[in-house]
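Chains as they are written, first to last, in the working numbering: chain H, 9 to 430; chain D, 9 to 430. Heads up, the beta-carbon is just placed ideally off N, CA and C, and yes, glycines get one too. From a predicted model like this one, the values you see are computed outputs, not experimental measurements. Okay, so here's the structure we're looking at.
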């Protein structure tokens, strides 16, 4: 079935909001047998939005829309679908009740303007949205323009990603999958760290000429990925095509592969720590808490994460047991101090419980020199109780990317230490 | 001038990477007088990529491309532009020297495959890229298909956002602005926190019917934004149209407006702290360091941020001076403990230096109940030395959004405390 995505919102056309939704949905269509042919963005203008939907109805079986379901005057998705289909809007009593209950449960009054979010048309049913006030619409209509099934579908979901994603996963994906027949495209992504993009490309060269599955190599903030993609009539047949290629790629790449598909480096490391009953503590300076925040993005991280310090000043570092002499001799931004921060993080824990591993990060995340060290200077160390493994580099890519790269490198060092421990 | 954006990469079409670049560029075109008419995504396939560029050359004055400039076999942007323009690729000696120097400066060997990144065509000049190995291309060609100037332009930039953004800002934007004549669209975004989207919409209703400037209201993770957009022959004339509307909107909205345009809540608060010579310390549990990381995303935050604790366990909280009795009586996830964490954060600082403000956050960021408290439960407090101002709510939107909302709420509370201090 032919699918098309329409993202709604002038803020998208003006670049004020990132369209994460289109990519999120695009990523999920191949596996349920929907082919994404078109992707477009429409502003908050009724006429142009109706045009866009009408063009979609002339060429696609399924239109997936996000945004424009809010309570304000420029939220026009409902009006536009009604107009494109020539149907009348009405307020649905059940939806209104659910909406009022949502506000009551959060202890706030119901703004009467929000009643707009309880509107439907005869062809639409409401899709529940426990994360927000805007229910989605599932529109199903038998039309002569339909290309394959005799029916056309419009699925309208709210714009906020956390609301849209839950709705997609719980309410929309399976229903669409059951409509679509035909072949599927299944992908398998191997994630590596510790080697550059062109190096990986050279290693995998023997596999790169394959037509089905195909292999692509690309760089991401947490390493270099190799994507194996296979087309087949069924998901099982596609996976059968992928399996031998994946085995060969893993054989070639060895230990630099740290995960696959939805795996995160922090999740993989969390699982390794959990499995071995080991614990972790952090002391970070220039990354300002991003390391701890990343580690605790993993559900269940409280089992192995003892806690962290954001030690922005030399005083705080010394107060936590980092050697004043090392700071004096080498400067706070040095490999020696990173190693001592890693040691202190695991040892000087309040309550003297200690942790098995400590990570220390010190460096320059901003665009100005500090202590004569250039922007992007990073000293990172992991301490396992016997010794510290440090790594240093200088590469400035702007504050956010510089912080992110330091966190990824710290997790890479910890993984290496865990692998070495065996 | 008509502009069009082409994002390159199969990983985009499969949704494996977010296309932040298209939105970044889209946001910057109106102010330099370029009209964005088309936006499309092409995969790593030479034939389809050449097609896409040829279609672009038939309808646009300027094509802005991102991605496909890497060193691997499926990086095809250079080949595709050469083919679309009927020109031959050659290796540029200067570009090759710069590339080899980049690798040498980072202390790594030069992979010969990367020489591909030193290629040019006769119509192209290299655009420097100090943040990565791929120089951009500035292509300028006199063609009969040109719509207005007699010339058409292709600007190809690397895909990694930190490289692309620097190249855009330092090398591309001003050159494009000098090519484009005609009118501009200027926008002014007022950022609010503390009132809902429909509430703001009602407050601004008298202004919403204006045709130029227009006003739109939309919700974002850090509050609700009102965007005022004006079209005029010059930026100055557009700003003159915006000024009275902005004044009126600010009068109506009052103190809930915390900033405008590129302001971040953490940046605004940092400036307030800096100006008054006040300092801040944090103790966070369920947000796991995201609060500290957000605060330290601001350049110069070391002037007012004393440091932070990621106190994931009751032991660590007590070790840092949080009352064991309060934890025992109310549970670690309680408003009382959040207030005491805020107090302890400012008081029990290593080195006994203390801070003027302390922030405490405790709650449930994961999808499971903790201590019988539902997912999304949050207790947040700001302590100013005399008393703690707490705020509690329960709203689960998935782990990442739940953490983010708690951090925004904490910054909102701190801003309110700073405003009250006067």
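Margin query: Check whether chain H comes within 8 Å of residue 32 (chain D), counting only Cβ atoms and requiring the distance to be less than that.
Written below: At least one chain H Cβ lies under 8 Å of residue 32 (chain D).
Next item on the list: Can you grab the Cα-Cα spacing for the pair residue 370 (chain D) / residue 202 (chain D), in whole Å?
Entry: Those two C-alpha atoms are separated by around 21 Å.
Next item on the list: May I have the straight-line CA-CA distance separating residue 167 (chain D) from residue 85 (chain D), to the nearest angstrom?
Entry: Separation of residue 167 (chain D) and residue 85 (chain D) (C-alpha to C-alpha, rounded to the nearest whole angstrom) is 11 Å.
Next item on the list: Taking only beta-carbon positions, decide if residue 207 (chain D) is within less than 8 Å of chain H.
Entry: Contacts with chain H at 8 Å (Cβ-Cβ) include residue 207 (chain D).
Check: Which residues in the same chain as residue 268 (chain H) place their Cβ atom closer than 7 Å to its Cβ, once the five residues preceding and following it in sequence are excluded?
Finding: Around residue 268 (chain H): 196, 197, 198, 199.
Next item on the list: Starting from residue 136 (chain H), find everything on chain D with Cβ-Cβ shorter than 7 Å and list it in chain order.
Entry: Neighbours of residue 136 (chain H) on chain D: none; closest Cβ ~15 Å, over 7 Å.
Next item on the list: Over the uninterrupted alpha helix (DSSP H) stretch that includes residue 252 (chain H), give me the two end residues.
Entry: Residue 252 (chain H) -> alpha helix (DSSP H) spans 243-261.
Checklist line | For residue 6 (chain D), the nearest candidate out of D:381, D:429, D:307, D:15 (CA to CA) | finding: A question about residue 6 (chain D) goes unanswered here, because the residues of chain D that appear run from 9 up to 430.
Next item on the list: Anything in the segment 304-338 of chain H with a Cβ closer than 8 Å to a Cβ of chain D? List those residues in chain order, please.
Entry: Hits within the stretch, in order: 304, 305, 307, 308, 309, 310, 313, 314, 315, 316, 317, 318, 319, 320, 321, 323, 324, 326, 327, 328.
Notebook entry, point to check: For residue 74 (chain D), is the classification buried or exposed, using 16 other Cβ atoms within 10 angstroms of its Cβ as the cut-off for buried?
Noted result: Counting Cβ neighbours within 10 Å, residue 74 (chain D) comes out buried, since at least 16 surround it.
Next item on the list: Evaluate contact between the segment 202-213 of chain D and the segment 108-123 of chain H, counting only Cβ atoms and requiring at least three cross-stretch pairs below 8 Å.
Entry: By the Cβ rule, the segment 202-213 of chain D counts as touching the segment 108-123 of chain H, because three or more pairs are nearer than 8 Å.
Checklist line | residue 174 (chain D) to residue 47 (chain D) span [Cα, whole Å] | finding: Straight across, the Cα-Cα distance linking residue 174 (chain D) with residue 47 (chain D) is about 21 Å.
Next item on the list: Report yes or no: is there a C-beta of chain H within less than 8 Å of the C-beta of residue 408 (chain D)?
Entry: Yes, because at least one Cβ of chain H sits closer than 8 Å to the Cβ of residue 408 (chain D).
Note to self: So, at 6 Å on beta carbons, what are the nonlocal neighbours of residue 133 (chain D) in its own chain, with the 5 sequence-adjacent residues on each side left out?
What the structure shows: Answer for residue 133 (chain D): 146, listed in chain order.
Next item on the list: Mind reading off the beta-carbon distance from residue 365 (chain H) to residue 286 (chain H)? Whole number of angstroms is fine, and I expect it under 8 Å.
Entry: Rounded, the Cβ-Cβ distance is 7 Å, consistent with contact.
Checklist line | Residue environment, residue 259 (chain D), which counts as buried when at least 16 other CB atoms sit within 10 Å | finding: It counts as exposed.
Check: Would you call the CB atoms of residue 419 (chain D) and residue 277 (chain D) closer than 8 Å?
Finding: Yes, Cβ-Cβ distance for residue 419 (chain D) and residue 277 (chain D) is below 8 Å.
Next item on the list: Please work out which residues of its chain come closer than 8 Å, Cβ to Cβ, to residue 356 (chain H), disregarding the five sequence neighbours upstream and downstream, and give them in chain order.
Entry: Excluding residues within five positions, the ones whose Cβ falls inside 8 Å are 328, 329.
Item checked: Listed by chain order, chain H residues near residue 47 (chain D) by CB distance under 7 Å -> Result: 49.
Checklist line | Chain-order list of residues whose beta-carbon lies under 7 Å from that of residue 241 (chain H) (same chain, five-residue window excluded) | finding: Answer for residue 241 (chain H): 191, listed in chain order.
Checklist line | Pairwise C-alpha distance: residue 413 (chain D) and residue 401 (chain D) | finding: Going from the Cα of residue 401 (chain D) to the Cα of residue 413 (chain D) covers about 11 Å.
Margin query: Within 8 Å of any Cβ in chain D, is that where the Cβ of residue 235 (chain H) sits?
Written below: Residue 235 (chain H) has a beta carbon lying within less than 8 Å of a beta carbon in chain D.
Next item on the list: Go ahead and pull the three-state DSSP assignment for residue 325 (chain H).
Entry: Under the three-state reduction of DSSP, residue 325 (chain H) is assigned to helix.
Checklist line | Simplified DSSP assignment, three categories, for residue 46 (chain D) | finding: Strand, per DSSP.
Check: To which residues of the same chain is residue 358 (chain H) closer than 7 Å at the C-beta, ignoring the five residues directly before and after it?
Finding: Confidence at residue 358 (chain H) is low in this model, with a pLDDT of 49, below 50, so its placement is unreliable and the value that follows should be read with caution. For residue 358 (chain H), where only same-chain residues beyond five positions count, there are no Cβ hits under 7 Å.
Next item on the list: Rounded to whole angstroms, what's the CA-CA distance from residue 27 (chain D) to residue 312 (chain D)? Just pull it up for me.
Entry: One C-alpha to the other measures close to 35 Å.
Notebook entry, point to check: Do residue 304 (chain H) and residue 296 (chain D) have their C-beta atoms within less than 8 Å of each other?
Noted result: Yes. Within cutoff.
Next item on the list: Using the Cα positions of residue 9 (chain D) and residue 49 (chain H), report the straight-line distance between them to the nearest angstrom.
Entry: Taking the straight line from one Cα to the other gives about 20 Å.
Item checked: Neighbouring residues, chain D, relative to residue 170 (chain H) (Cβ below 7 Å) -> Per Cβ cutoff of 7 Å: 405, 406, 409.
Next item on the list: For residue 393 (chain D), count neighbouring C-beta atoms within 10 Å of its own C-beta (all shown protein chains included) and say buried if the count is 16 or more, exposed if not.
Entry: The residue is exposed, with fewer than 16 neighbouring Cβ atoms inside 10 Å.
Item checked: C-alpha gap between residue 354 (chain D) and residue 321 (chain H), whole angstroms -> Distance between the alpha carbons of residue 354 (chain D) and residue 321 (chain H): 15 Å.
Checklist line | Contacts that residue 35 (chain D) makes with chain H (C-beta to C-beta distance below 8 Å) | finding: Within chain H, the residues near residue 35 (chain D) are 22, 23, 24.
Notebook entry, point to check: If we count Cβ pairs, one from each stretch, closer than 8 Å, do we get three or more for the segment 63-81 of chain D versus the segment 94-102 of chain D?
Noted result: They do not touch, by the three-pair rule.
Next item on the list: Could you tell me the distance, in whole angstroms, from the CA atom of residue 362 (chain H) to the CA atom of residue 229 (chain D)?
Entry: In a straight line, the C-alpha of residue 362 (chain H) is about 37 Å away from that of residue 229 (chain D).
Check: What are the start and end residues of the alpha helix (DSSP H) that includes residue 345 (chain D)?
Finding: Run containing residue 345 (chain D): 343-355, per the alpha helix (DSSP H) assignment.
Margin query: How far does the alpha helix (DSSP H) with residue 91 (chain H) in it extend, from its first residue to its last?
Written below: Going by DSSP, residue 91 (chain H) is part of the alpha helix (DSSP H) stretching over 85-93.
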